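In my numbering, the protein residues as written are 344 to 482.
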């Protein structure tokens with residue numbers, strides 16, 4: 344609670360993560376003792392938030408097909424696992440659908456088309472990318 348206002352949020356982690364909380368009194372002490380360090384952290388956090396907002400705003404205006412493909416390409420860079428004949432992204436279809444704000448039916452049409460063209464294969468806990476170049480060419 345900051346200024347006696349509760350702020351709650353949720354998140355899904357794509358990789359092993361460490362979460363922690365910082366009591367208000369401890370943050371106040373850090374602000375007094377290390378103002379430059381705290382300022383740098385706040386600037387970094389603000390920049391990350393601005394980049395995320397810009398990305399989200401640009402995705403909203405795109406058709407679902409392009410939002411899905413763009414998200415896959417982004418996830419490949421950050422979390423893609425190289426296998427001998429494909430790349431693997433450990434994300435469920437409904438999770439990526441939620442991220443790009445797509446209905447199950449709309450996303451299903453896009454996924455089915457990509458699977459028919461042998462570009463991706465969806466699995467229970469992830470997505471196999473068989474042809475990254477084809478995805479890049481679609482953007």
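Heads up, the beta-carbon is just placed ideally off N, CA and C, and yes, glycines get one too.
It should be emphasised that the depicted structure is a prediction, and the values quoted were computed from it without experimental measurement.
| query | result |
| --- | --- |
| Contiguous alpha helix (DSSP H) assignments of at least 4 residues, all confined to the region 409 to 468 | 436 to 442 and 447 to 459 |
| Cβ pair residue 432, residue 411 closer than 8 Å | no |
| Inter-residue CB distance, residue 474 and residue 459 (contact presumed, cutoff 8 Å) | That belief does not hold up - the Cβ atoms of residue 474 and residue 459 are roughly 12 Å apart, past 8 Å. |
| Pair within 8 Å by beta-carbon distance, residue 413 and residue 482 | yes |
| Beta bridge counterpart(s) of residue 471 as assigned by DSSP | 431 and 464 |
| Option nearest residue 480 by Cα separation, candidates 469, 457 and 369 | 457 |
| Alpha carbon of residue 447 to alpha carbon of residue 409, nearest angstrom | 16 Å |
| DSSP state of residue 361 mapped onto helix, strand, coil | coil |
| Endpoints, alpha helix (DSSP H) assigned at residue 374 | 367 to 376 |
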